[in-house]
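Read the structure below first, then the notes.
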Amino acid sequence: MRIRATVAAVSGALALSALVVPGAHAADSASSDRAAVTKAQEVAHAAAGKAAFSTSTAADTGMPYALDATFSNVKVNGGAAIKVGISNHVTVPVTYTMTHGADVDITAADFFTAPYLYKGSFDAPDNMLFGDYDATCTATSSTVATCKGNVDIYPAAGELINSDAGSWHAAALAVAYNGEDWTSDDINWDNVGIADQGGFTSPNVQRYSKLTVNAGPEPVYKGRTLTATGKLSRANWEDNLYHGYTNQPVKLQFRKAGTSTYTTVKTVTSDSTGNVKATATANYDGYWRFRFEGTSTTPAVSATGDYVDVK
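Mind the numbering: the sequence shown is residues -26 to -1, 1 to 285 in mature numbering (1 follows the signal peptide of the UniProt record, and there is no 0), read in order.
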């Protein structure tokens, strides 16, 4: 099963809930490792006063101690913006270095580490995104390891709202259960160590964009006016549809047949429904397209060039 964490407003406070969601890897035991990380993180965040959590049980006792582990060199998605549509599963690779005390056994079966992304402040995040599984680490010395993990985003599952687009941060955590049964409702958390560190740079999470073009008439006589129409749209994470991106600058570009470079002819603005329209003089056979340069919340996109024959 896949473990997903979401943040919701409850009576004016933030509540982080671990949800078990059926997935394609239901038989994979690695997903239970992710559940172990999530459970420990809930306790760690609650102990830090970050949020109120719904999965704690009355039988659990104690509070986790600060595990001797720190994180550095966190790199998310190779530095590229994270483009999320309305239904696609987006896998975001994350690498990081974990430095730990000599007494921390990172090879233990009940030791877990994982990266995650959060929006807002580390102490009071507006939203958080996790991976399906915990990270894998390779020791480079007795106290240093290089780790690789993923953050998995499922927009159709309601993990994002439109205001989530834009700036995010990265974090990593590690938990040593030290023999405590994480599946139990009777854990002595005094025996469990947790390290949770944020404030690392993450690329923006963006609402995937689309752009179309249709140029005509086809063919067109040399020196006559050519009209290009199209639409700029982007993902809406709240209704899982694409809607027009309004009032945005869009370039009309032309590439002469036999060449490889587009040249901007003029810039127009998308209307109240995302439609764009531009006219130009047709002088040569070639390809016409629209180009949107993007914003912090929406990636750049180019329409596929539409070939027009000039008579």
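Just so it is clear, CB atoms sit at the ideal spot from N, CA and C, and this is done for glycine as well.
Look at W142 here: in three-state DSSP terms it is coil, with no helix or strand label.
Apart from sequence neighbours up to five positions away, the residues of its chain that approach H217 with a beta-carbon distance below 8 Å are S207, R208, N210 and G248, ordered along the chain. Secondary structure at P89: strand, using DSSP grouped into helix, strand and coil. Around the Cβ of Y258, a 10 Å sphere holds fewer than 16 other Cβ atoms; the residue is exposed. Taken in chain order, the complete beta strand (DSSP E) segments of 3 residues or longer contained in the region 146 to 213 are 167 to 175, 179 to 181, 183 to 185, 188 to 190 and 199 to 210.
Excluding five sequence positions before and after Y195, the CB atoms of its chain that fall closer than 7 Å to its own CB belong to K285, given in chain order. Here F228 is bridged, per DSSP, to T237 and W262. Taking a cut-off of 8 Å for Cβ pairs, the region 161 to 177 and the region 103 to 118 do not touch, as fewer than three such pairs fall below it. Annotation: the continuous beta strand (DSSP E) that includes P67 extends over V64 to H74. Taking one beta carbon from each stretch, the region 151 to 159 and the region 218 to 234 have fewer than 3 pairs nearer than 8 Å; the two do not touch. Between A202 and N188 a beta carbon distance of about 7 Å is seen, short of the 8 Å cut, so the two are scored as contacting.
Considering only T255, K13 and P89, the residue with the shortest C-alpha distance to A145 is P89. Contact between N178 and G140 holds: their C-beta atoms lie close to 6 Å from each other, under 8 Å.
Note that the C-beta distance between A169 and D42 is below 9 Å. In the structure shown, K13 adopts helical secondary structure according to DSSP, grouped into three states.
Taken through DSSP and simplified to helix, strand or coil, N124 comes out as strand. Judged by DSSP in its simplified three-state form, G132 adopts coil rather than helix or strand.
In the displayed model, S137 falls within a helix according to three-state DSSP. Contact between S176 and V50 holds, with the beta-carbon distance rounding to 5 Å and staying under 8 Å.
Contact between L185 and G204 holds: CB atoms are separated by about 6 Å, below the 8 Å threshold.
The Cβ atoms of Q180 and K93 do not sit closer than 9 Å to each other.
Counting the other CB atoms within 10 Å of its CB gives G59 a total of 16 or more, which places it among the buried residues.
In the assembly as shown, M72 is a buried residue. Its beta-carbon has 16 or more other beta-carbons within 10 Å. For R198, the closest alpha carbon among the candidates S61, D283, C111 and D79 is that of D283.
K122 is the residue among W262, G132 and K122 whose C-alpha sits nearest the C-alpha of V68.
Looking at the backbone, the Cα of A9 and that of P129 are separated by about 20 Å.
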